[in-house]
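Q: Start counting at 1 in the sequence shown, then tack on 16, and there's your number in our numbering.
Backbone N, C-alpha and C fix where the C-beta goes; we use that ideal spot for every residue, glycine too.
Got a structure for you, questions after.
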Amino acid sequence: MDRGELLYEGKAKRVYRTADPDLLIQHFKDDATAFNAQKRGTIVGKGVVNNRVSEVLFQLLERSGVPTHFVRRLSDRDMLVKACQIVQLEVVVRNVIAGSLATRLGRAEGEPVPEPILEHYLKDDALGDPLVNDSHVRFLNLATPDEVAAIDAMALRVNEIVRACLAERDIVLVDFKLEFGRHHGRLLLADEMGPDTCRLWDKSTGRKLDKDRFRGDLGSVEEAYEEVGRRICEVAA
Ligand code: ADP
Ligand code: MG
């Protein structure tokens, strides 16, 4: 399957059409952004890791009954996916306090939460992806209440499945961001799932193995991505 017209260039990926109007190619770049794209850089090899980790996790989720847009990986950086109409919501699930939630609620990073915290953000770079509630979602016509309920149930299911899989690889799934798409009347998990969009901590040392190393200038960013790739993809292969 060859790349056709460039449909969209985002912060971390490019999306291309294919000869089949129902299929798109996601191309994973090494470009990294943080803090609403105020910080920009390159993480060498990141795109390859994100593509492979996403493949492994999407396949795991499909086997576990969660429908995804994944069709197949085409190359190191290209993934064939079903063309969706993306729901303009970023769905975040949290198992441990970190990042913006620590600031917003005034809690210490690292505090475990007894049951997962689920949040919705408006996917809008110009607005800085603000937190929204159900009334906002309804006002903005982002999704129907039934869709929101289905999206939330899928997000919590993703959390159970991926959290357990990563625990076996000595990785704590601290939190993650998901995007969903509509495809022929059905909701699918879309976009990507990997160290750009998940907080992943080493279980024994608490070492950060994700994009927070880039955000916080913690060093060894490439090594952390490679380590996640090894732990998730080599065991799965
Ligand atoms: P962004 O800067 O908007 O986060 P990315 O660099 O992540 O963009 O590029 C991927 C873009 O493709 C995102 O906007 C995402 O919503 C969109 N996308 C992901 N999966 C699909 C899909 N299956 N169909 C259509 N669009 C998709
Ligand atoms: Mg994105």
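Roughly how many angstroms lie between the CA atoms of Lys-62 and Ala-240, to the nearest whole one?
A: Start at 1 with the first residue of the sequence shown, and residue 62 comes out as number 46. Start at 1 with the first residue of the sequence shown, and residue 240 comes out as number 224. If you take the alpha carbons of Lys-62 and Ala-240, they lie about 10 Å apart.
Q: On the three-state DSSP scale, how would you describe Phe-230?
A: By 1-based counting over the sequence shown, the position of residue 230 is 214. Helix at Phe-230.
Q: From the DSSP output, read off the bridge partner residues of Val-87.
A: The residue you call residue 87 lines up with position 71 of the sequence shown. Bridge partners of Val-87: none, in fact.
Q: Less than 7 Å separating the Cβ of Ala-35 from some heavy atom of the ligand MG?
A: One-based indexing of the sequence shown puts residue 35 at position 19. Outside the cutoff, so no.
Q: Using the rule of at least 16 other Cβ atoms within 10 Å of the residue's Cβ for burial, across every protein chain shown, is Leu-156 buried or exposed?
A: Taking the sequence shown and counting its residues from 1, one reaches residue 156 at position 140. Exposed, by the Cβ-count rule.
Q: Answer with buried or exposed for Leu-121, where buried requires no fewer than 16 other C-beta atoms within 10 angstroms of its C-beta.
A: Residue numbering aside, residue 121 sits at position 105 when the sequence shown is read from its first letter. Classification for Leu-121: exposed.
Q: Does the distance between the C-beta of Lys-27 and the nearest non-hydrogen atom of the ligand FAD fall short of 7 Å?
A: Among the ligands present in this structure, namely the ligand ADP and the ligand MG, the ligand FAD is not found.
Q: Can you check DSSP and say which residues form a bridge with Arg-56?
A: Residue mapping note: residue 56 aligns to position 40 of the sequence shown, counting from 1. Thr-49.
Q: Do Cys-100 and Arg-198 have their CB atoms nearer than 8 Å?
A: Here residue 100 refers to the residue found at position 84 of the sequence shown. Here residue 198 refers to the residue found at position 182 of the sequence shown. Yes.
Q: Between which residues of its own chain and Leu-147 is the CB-CB distance below 7 Å, once the five residues before and five after are set aside?
A: Walking along the sequence shown from the start, residue 147 turns up at place 131. Closer than 7 Å at Cβ, skipping near neighbours: Glu-135 and Tyr-137.
Q: Within this structure, are the beta carbons of Val-178 and Leu-194 separated by less than 8 Å?
A: Numbered from its first residue, the sequence shown carries residue 178 at position 162. Numbered from its first residue, the sequence shown carries residue 194 at position 178. No, the pair does not count as a contact, with Cβ atoms beyond the cut-off.
Q: Excluding the 5 residues preceding and the 5 following Asn-52 in the sequence, name in chain order all residues of the same chain whose CB lies nearer than 8 Å to its CB.
A: Counting from one through the sequence shown, the residue named residue 52 turns up at place 36. Cβ neighbours of Asn-52 beyond the five flanking positions: Asp-141, Gly-144 and Asp-145.
Q: With respect to the beta strand (DSSP E) encompassing Glu-195, which residues constitute its N-terminal and C-terminal limits?
A: If you number the sequence shown from 1, residue 195 lands on position 179. Here the beta strand (DSSP E) through Glu-195 covers 187–199.
Q: Hey, how far is the Cα of Ala-159 from the Cα of Lys-98?
A: As a working note, residue 159 is residue 143 in the sequence shown. As a working note, residue 98 is residue 82 in the sequence shown. So the two alpha carbons sit approximately 20 Å from each other.
Q: Could you tell me which of Ala-118, Glu-238, Asp-191 and Arg-229 sits nearest to Glu-106, measuring between CA atoms?
A: As a first step, residue 106 must be located in the sequence shown, where it is residue number 90. Per the Cα distances, Asp-191.
Q: I want to know whether the segment 37–51 touches the segment 230–240 - three or more CB-CB distances under 8 Å.
A: Contact between the segment 37–51 and the segment 230–240 is present, because at least three Cβ pairs lie under 8 Å.
Q: Can you name the residues that DSSP bridges to Asp-94?
A: By one-based count along the sequence shown, residue 94 stands at place 78. DSSP lists His-43 as partners of Asp-94.
Q: With DSSP run on the structure shown, which of helix, strand or coil describes Asp-218?
A: Taking the sequence shown and counting its residues from 1, the one referred to as residue 218 is at position 202. Asp-218 falls in the strand class under three-state DSSP.
Q: State the start and end residues of the unbroken beta strand (DSSP E) segment that holds Asn-111.
A: For the purposes of this step, residue 111 is identified with residue 95 of the sequence shown, where counting begins at 1. Here the beta strand (DSSP E) through Asn-111 covers 105–112.
Q: Taking the runs of the alpha helix (DSSP H) that are 4 residues or longer, which of them lie wholly in the segment 131–177?
A: Listed in chain order, the complete alpha helix (DSSP H) runs (minimum 4 residues) inside the segment 131–177 are 150–155.
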